[in-house]
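Beneath this line is the structure, given in C-alpha cells, with notes to follow.
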Amino acid sequence: MTHFFAALGRPVWDALIFMGSVAIFFCQGVQQTVASSRIVQRTLRQIHVIGSQSLFLIVLISLFCGMVLGLQGYYTLIKFGSVGFLGSVVSLSLIRELGPVLTAIMLTGRAGSSMTAEIGVMRISDQIDALDVMDINSVSYLVSPRLVASVISFPLLTAVFDVVGIVGGYLTGVALLDMNQGAYFYRISSSVTMTDVGCGFLKAVVFGLLVTTVCCHQGYFADKRRDSVGPEAVGNATTSAVVIACVLILAADYVLTSLFL
Amino acid sequence: MTTSWDIQIKNLKAGYGDHVVLEDVTGLLPAGAVSVILGGSGCGKSTLLRQIIGLSTPMAGELIVGGQDITRLKAREYRRLRRNMGVLFQDGALLGALTLAQNVVLPLSEHLSLSRQELRNEALRVLRMVGLEEFADYYPNELSGGMRKRAGLARAIVAEPKILLCDEPTSGLDPITAARMDELLLAMNRHFPDMTIVVVSHDLASLWTIADQVLVIREGRSVFCGTPNALKESTDPYLVQFLNRSAESASDEAEAGHAAMDPAVRARVDAWLAS
Chain A
251 MTHFFAALGR
261 PVWDALIFMG
271 SVAIFFCQGV
281 QQTVASSRIV
291 QRTLRQIHVI
301 GSQSLFLIVL
311 ISLFCGMVLG
321 LQGYYTLIKF
331 GSVGFLGSVV
341 SLSLIRELGP
351 VLTAIMLTGR
361 AGSSMTAEIG
371 VMRISDQIDA
381 LDVMDINSVS
391 YLVSPRLVAS
401 VISFPLLTAV
411 FDVVGIVGGY
421 LTGVALLDMN
431 QGAYFYRISS
441 SVTMTDVGCG
451 FLKAVVFGLL
461 VTTVCCHQGY
471 FADKRRDSVG
481 PEAVGNATTS
491 AVVIACVLIL
501 AADYVLTSLF
511 L
Chain B
107 MTTSWDIQIK
117 NLKAGYGDHV
127 VLEDVTGLLP
137 AGAVSVILGG
147 SGCGKSTLLR
157 QIIGLSTPMA
167 GELIVGGQDI
177 TRLKAREYRR
187 LRRNMGVLFQ
197 DGALLGALTL
207 AQNVVLPLSE
217 HLSLSRQELR
227 NEALRVLRMV
237 GLEEFADYYP
247 NELSGGMRKR
257 AGLARAIVAE
267 PKILLCDEPT
277 SGLDPITAAR
287 MDELLLAMNR
297 HFPDMTIVVV
307 SHDLASLWTI
317 ADQVLVIREG
327 RSVFCGTPNA
337 LKESTDPYLV
347 QFLNRSAESA
357 SDEAEAGHAA
367 MDPAVRARVD
377 AWLAS
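This is the structure we're talking about:
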C-alpha cells in the first residue's frame, strides 16, 4: 500500500515542482523584459526567427486546412440544404479554434524546438555560464526577447492563418464546387464578430507565452535532467518541450474556450 | 588602501547536491603570479574553479578573493566582485550567433555605452594580442579548437580583469598550439603584472613553463601548495608518481592488457574480419 502511494505521489510531486519552476522562470523572464535595456534589438531578431522564418510554413498549412474545411463543410452542409453557410463554418472554425491552435502547434515544432535546442546547447557548452560570469543576465539575454517576440509573432501568424485558411475554403467551395461567391463572403461578414477575432488573438498570445516559456525552460535546464546528460539531454529536452507545449496548448484552449462561451 | 587580489582557499568543502567532490582544500594563489591547479581527471579541479567563479556555492570553508570571503557575500555583492574576473572556459564558450569581434567585446557592449567604432577598435586590440585580428568577422564554428580558446582568452581579458581564470587552456591541443597558449598566458603575465592568473590543468609540460605557484589536488584534498621547484623536490609518493607519469597500479593495468578474449567472441570477430 505504501508503495502504491509512493508511486502515485512521486510523479505528482515532480509535476508540482516542474510547474513551480516554469512559473518562476516565466516571472523572471517578464521581470527582465522590463529591466533589460537592450531588449528591442534582440526582440527584432527573434521576431525574424519565430515570425518571418515560419511564415511560409503557416501559409502552406493554413491553405490546405482551409481547403479541407471547405470540402468537408460543403459535403456536410449540402445534405441539409445549408451550403450557403459554408463561409460561416470555415471562418468561425478557423478564427475561434483552428487558427490559434494549429498556428501554435506548428510554431512549437518549428520555432519552439529550435529555441530548446539552441539554449540547451548553450547550456552544455558553458555559454550560459559564460554570460553569467560576464555579469550578463542569461534570462534577460535569452528568454525575455523570445517572450516579447512570441507575444508579437503568434497573433500575427494566427491572423495570416485565418485569412489564408478562408481563401483555402473559397478555393474549394467557390472556385471548385461552384458555390455562390457572394453568399460565401456575406456569411463570413455576418457571422464573425470582433469578439471572435479578439478571443482568437487572446488565445494566440497565451499559447505564445506558454510555448516560449516551456521551450526556453527545457533548454535552460537541460543539464539538470535526470534521464540523460550532454547532447542526449538536449535531444530529450527538445522532445519534452514539444510534447509538454502541445499538451498545454490544448489544455489552455479548453480552459479559454469554456471561459469565452 | 589597495585591494590584494590573492585567492586564499581555507578548508574548502564543495560538491553537487549530496555528492561531495572537494573534501578539504587549502591553498594560496598569489596576485601577480601564474598559479596552476594540478590534479588527475575527476579530482575536483574544475569544481574548485566553479566555486571561485561563483557558479556553485561551497558547503563549508572560506574562499577569500579581493580581501572578501565570497562564501559570505550576498549574490549582488558577489556579482560586483566578479566583474574583476575574466574566465576562459574549456572550449572557449563563445556564443555561436556572434562573430569573434562581437564575442570578445560582449562584456563591454552589454555594460557600457560605447560607439560601434570604439567597440570594433577594442575587439581588434584584444584579438591582435592573441593573434586573431584577421579572423575578427569569423563565427566560432569556422575556427579550430585552439583558435576558439585564444578567442575565449581575448574575451576574458578585454576588460583587463584583476583575476584571470583558465579552465584547461591546453587540453585537446597539439603540442605546438599548446605551447603557443602557454606563451600567451606568460605574455598576459608580462602585460598585466598585477593580474592573478589561475590555470586549471593536468598538462605537466605547461606546468613547468608557466607556473609560479602550484596547488595539487588529489581525490578532493589539497596535497601540495608551493613553487614548482618545491614540487620537483617533493618526496610525497603520489606527487612523485604524478610527475613521473607512472600508472597507479601498473601490475593491474598489465593484467588487463593481457586478459584474453572469450574464445567464442574471438572466433566470431575473426570470422567477421575475414569476411
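Quick note, the sequences are listed as chains A and B, same order.
Each position in the first sequence, counted from 1, maps to that position plus 250 in this note's numbering.
Each position in the second sequence, counted from 1, maps to that position plus 106 in this note's numbering.
Note that beta-carbon positions come from the ideal geometry of N, C-alpha and C, so glycine has one too.
From the beta-carbon of Pro213/B, the residues of chain A found nearer than 7 Å are Met384.
Annotated as proximal: Ser394/A and Ser286/A, with beta-carbon spacing under 8 Å. In this structure Asn247/B is exposed. Its beta-carbon is surrounded by fewer than 16 other beta-carbon atoms within 10 angstroms. Within the region 294 to 366 of chain B, the complete beta strand (DSSP E) runs of at least 3 residues fall at 302 to 307, 319 to 324 and 327 to 332. Contact check between the region 141 to 155 of chain B and the region 301 to 315 of chain B: three or more CB pairs, one atom from each, fall below 8 Å, which counts as touching. In the DSSP secondary-structure assignment, Ala166/B is bridged to Lys119/B.
Contacts between Ser364/A and chain B, judged by CB atoms closer than 9 Å, are missing: the closest CB pair is about 12 Å apart. Burial state of Ser221/B is exposed, judged by a 10 Å Cβ sphere holding fewer than 16 other Cβ atoms. The closest CA to that of Leu452/A, considering only Gly301/A, Pro405/A, Ile328/A and Val442/A, is found on Pro405/A. When beta bridges are read from the DSSP output, Gly145/B appears opposite Ile323/B.
Around the beta carbon of Lys268/B, 16 or more other beta carbons sit within 10 angstroms, so the residue counts as buried. Of the candidates Ala203/B, Lys151/B, Asn117/B and Glu168/B, the residue whose Cα lies closest to the Cα of Arg295/A is Ala203/B.
If you compare the alpha carbons of Ser403/A, Leu319/A and Leu498/A with that of Ile297/A, the shortest gap goes to Ser403/A. Only residues of its own chain outside the window of five on either side were considered, and among them Leu392, Cys466, Gly469 and Tyr470 have a CB closer than 7 Å to the CB of Ile369/A, listed in chain order.
Of all residues in the region 202 to 228 of chain B, only Gly202, Ala203, Leu212, Pro213, Ser215, Glu216 and His217 come within less than 9 Å of chain A when Cβ atoms are compared, listed by chain position. Look at Val309/A here: in three-state DSSP terms it is helix.
When Cβ-Cβ separations below 8 Å define contact, Ser375/A makes contact with chain B. The alpha-carbon separation between Lys255/B and Ala293/B amounts to approximately 15 Å. Between the alpha carbons of Gly362/A and Leu500/A lies a gap of roughly 16 Å. In this structure the region 363 to 383 of chain A lies against the region 157 to 169 of chain B, because at least three pairs of beta carbons, one per stretch, are closer than 8 Å. Scanning its chain for C-beta atoms nearer than 6 Å, with the 5 sequence neighbours on each side dropped, one finds around Leu321/A the residues Thr422, in chain order. Using a Cβ-Cβ cut-off of 8 Å, Asp428/A does not count as an interface residue toward chain B, since no Cβ of chain B sits closer than that to its own. Under a criterion of Cβ atoms nearer than 9 Å, the residues of chain B adjacent to Ala380/A are, in order, Val193, Phe195, Gly198, Ala199, Leu200, Leu201, Leu212, Gly258 and Arg261. At the C-beta level, Gly192/B and Ala262/B come within 8 Å of one another. Residue contact with chain A for Ile159/B: present (Cβ-Cβ distance below 8 Å to some residue of chain A).
Short of 6 Å from the beta carbon of Val424/A, and not among the five residues preceding or following it, lie these beta carbons of its own chain, in chain order: Gln431 and Tyr434. Taking a beta-carbon distance threshold of 8 Å, Arg189/B counts as an interface residue toward chain A. Judged by their CB atoms, Val484/A and Val371/A are nearer to each other than the 8 Å cut-off. Runs of the alpha helix (DSSP H) lying entirely within the region 280 to 365 of chain A, each at least 4 residues long, are 289 to 300, 305 to 327, 336 to 342 and 349 to 357 in chain order. Closer than 8 Å to the CB of Arg254/B there is not a single CB belonging to chain A. Distance from Leu342/A to Leu336/A at the Cβ level is roughly 11 Å; contact not present, criterion being Cβ atoms closer than 8 Å. If you check the CB distance, Leu509/A and Leu459/A do not come in under 8 Å. CA-CA distance, Tyr344/B to Arg351/B, rounds to 10 Å.
Of the residues Phe314/A, Val262/A, Ala257/A and Gln282/A, the one whose Cα lies closest to the Cα of Ile416/A is Phe314/A. Between the alpha carbons of Ser364/A and Leu206/B lies a distance of about 23 Å. Counting along the chain, Glu216/B sits inside the alpha helix (DSSP H) bounded by residues Leu212 to His217.
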